[in-house]
Each structure stands twice: as structure tokens, then as C-alpha cells.
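Accompanying notes for the structure given below.
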Amino acid sequence: MIRVRRSPFMKKDVKDHKAPHQTLSQDSPLSKTLESNIQYFSSLYKESSDVIFRTFIVDKKDAAIIYIEGLSDTQQLEQQVLETLLDTSEFDETDFLLSIKNRLPISNINRVTTISACIDAISTGNPVLLFDGFEEAFSLGLVKFEKRTIEEPQAETSIRGPREGFTESLGVNTSLLRRILKDPALKMKTVYIGKYTKTKVVISFIEGIVDKALIEEIENRLNRINIDGVLESGYIEQFIEDNPYSPFPQVLYTERPDVVCGNLLEGRAVLLIWESSRKAIWCFPRFLLYS
19 MIRVRRSPFM KKDVKDHKAP HQTLSQDSPL SKTLESNIQY FSSLYKESSD
69 VIFRTFIVDK KDAAIIYIEG LSDTQQLEQQ VLETLLDTSE FDETDFLLSI
119 KNRLPISNIN RVTTISACID AISTGNPVLL FDGFEEAFSL GLVKFEKRTI
169 EEPQAETSIR GPREGFTESL GVNTSLLRRI LKDPALKMKT VYIGKYTKTK
219 VVISFIEGIV DKALIEEIEN RLNRINIDGV LESGYIEQFI EDNPYSPFPQ
269 VLYTERPDVV CGNLLEGRAV LLIWESSRKA IWCFPRFLLY S
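Just so you know, the numbering used here puts 33 at position 15 of the sequence shown, and the rest follows in order with no gaps.
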């Protein structure tokens, strides 16, 4: 597995809200400055902990790879891309990008020139490779196809809808949501709960649709949990309910990605728990905070 790190441009510049070298938008072409591109994508995905930024140097040029954990094949990314780029000392300066493309042992590699094209590539599981000094990037055909069979939930069968259900893997579950909602507005915020287990919990929501107060309240409730460990979703449910004796549902369970995406589009938030049961997802109804 490759060891990834956040871009050095990411947290400080986004937090301080410094202006990049060039004003970018989703409709604009890529900047010639790598830092400007990284700053824009970091801001775009600032609350998506499953979006990985990896920076490195290729032939004295700054480079970066952006991909979504669970959607992209990180093993192939390491073996076919990173090892090739880092083990090669020199590339043809007359056409640097063509030289890079010819060296990479990937059958599906395309040049992209706009921010929106990069977003489409990242959202579908194709890592984007950028270089400083170039207004072009590469979309790498390294989509990860889950080997484990994703089965239909037995308790939630559907005649007309997709026959897919969540698994016990958080990475698989987040990728199932990303395959349906291919937009950077889908956010994945991570918190860790449990003194000893430090269980990874992802808060998923759609920015611009969800009420920000709902996300803040969810984060506050999760951060107030003081427990030795979290082994499944029931551990957390009792800490976040307003009234355990209420006849109305305060949290809803589902095993279906399409049901979760429907709830996200209606302004709800969803929790996914690392290595928990298939029902480690629940939706917060809109009235949870205001009932």
C-alpha cells in the first residue's frame, strides 16, 4: 500500500483563506501553477477526508496526484505510476508530458485541461496527475473494481432499484456513494471515537443541500462521546438520540446505497462506521434537531 500525505498547500492555505495565484472555478482551465490548482481542489474537497492529495517531485518538477480512497486502485497507482515516475531520473524536456505518458504502463491515460474534467475524472475513480508549469493534467485509468461481491440486502429487497448493499468495509461503502453522487459537493468528514478503538466514523452530506446547523450539531454530539471503544453502530446511537422513548424515529438504518443517496439529496446526513456491520449507516431526519 502507498503511504499518502496531505498536500502542504492544503490545510494552512485553505484555513487562512489566502487567495491563490489565479482565480479558478469549475468552468475555468487548469492553472499553469501547481500550487493554484492544489489550493482550488483542496478548497473544493476541504471536508472530504476520503479525497487524497499526494505531492512529490519528478525530474525536478513539482507534481501531485489527487484521487478518492476506495474508488481508485492504490496498488496499481503505486506500482504503475509512482514507481515509474520516481525511478526515472530524466524525461524528454522538449515534450515533457508526452514523455511522461509514454513511460507510464497504463492503457487508459488521457490529457485533461479544465477543472471540470479533473472533477469528473476524480469522481469516477480516475486519479488526476498534475505538474507544475503545465496547464494540462493526466486522467489515469485506475478505477478500483471491488473483488468482493456486493450483495443485495436481504432485509431490503428491491424489484426495480439497484441490487447493491453495503459491506463491512468503510472504503467500499464510501465508494458506493461516490459512484452514485459524482459531485464534489458530496462531503465526507471524519471523526474518531473510542479511547482504545479510535473507531473511524464518517459524516456524509451534500454541501448546499444540508442544513449546516445539522452538521455542527452532529459533530458536537459525536465529539462529546467519551467511551472506551465502539464496536458497532448501537454504541453511538444511544449517545446521540434526543429521547430514547420517543415513538418517532430519530435515527434510521439502511443497507442500501441508493436509499442513503436519496436521503442525502433530501438534506439529511449519514454516518458510516469503519469495519462495523452492514447496517453501520444511519440517516438523521431533518427534524432531529428541532423536534
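Idealized CB from N, CA, C, for every residue including glycine.
| Asked | Found |
| --- | --- |
| Coarse secondary structure for S90, derived from DSSP in three states | strand |
| Closest by C-alpha distance to T185, when choosing among P275, L48, K213, I133 | P275 |
| S60: first and last residue of the uninterrupted alpha helix (DSSP H) it sits in | 52-62 |
| Length of the line joining the Cα atoms of T41 and T131 | 16 Å |
| T73 (DSSP reduced to helix, strand or coil) | strand |
| Ranges of the beta strand (DSSP E) found wholly within the region 179-229, counting only runs of at least 3 | 204-211, 217-224 |
| Buried/exposed call for H39, threshold 16 Cβ in 10 Å | Bear in mind that the predicted position of H39 carries a pLDDT of just 48, short of 50, making it too unreliable to give a figure here. |
| L48 - DSSP class collapsed to helix/strand/coil | coil |
| Proximity to R121 [Cα-Cα], best of N144, V76, S49, V278 | V76 |
| For S157: DSSP bridge partner residues | N128, V146 |
| Distance CB(D110)-CB(K162) smaller than 7 Å | no |
| Beta-ladder partner(s) of Y85, from DSSP | I70 |
| CA nearest to the CA of N55, picked from T102, S66, I137 | I137 |
| Distance between A139 and V69 (C-alpha atoms, nearest Å) | 13 Å |
| Proximity winner among G285, I233, I243, K230, relative to T217 (alpha-carbon distances) | I243 |
| For A135 and Y253, the rounded distance between their alpha carbons | 42 Å |
| First through last residue of the alpha helix (DSSP H) which encompasses L116 | 114-121 |
| Residue from E273, Y214, I221, Y271 with nearest C-alpha to D246 | Y214 |
| Residue environment, P265, which counts as buried when at least 16 other CB atoms sit within 10 Å | exposed |
| Opposing strand residues paired with L283 [DSSP bridges] | Paired residues: none, contrary to the question. |
| Distance, D113 Cα to T51 Cα | 18 Å |
| DSSP beta-bridge partners of I291 | V219 |
| Y85 classed as buried or exposed, judged by whether at least 16 other C-beta atoms fall within 10 angstroms | buried |
| DSSP three-state assignment for D260, whether helix, strand or coil | coil |
| Neighbour-count burial assignment, P145, 16 or more Cβ in a 10 Å radius | buried |
| Collapsed DSSP secondary structure at D138 in the structure displayed | helix |
| C-alpha gap between V22 and R72, whole angstroms | Because the pLDDT of V22 is 42, which lies under 50, any placement of that residue in the model is unreliable, and the number read from its coordinates should be weighed accordingly. Taking the straight line joining both Cα atoms gives about 6 Å. |
| CB contact flag (G88, G189, <7 Å) | yes |
| Proximity test, Cβ basis, 7 Å: I227 and chain D | Given the protein chain composition of this structure (a single chain), no chain D is represented. |
| D12 - DSSP class collapsed to helix/strand/coil | As shown, the chain starts at 19 and ends at 309. That puts residue 12 outside it, with no answer to give. |
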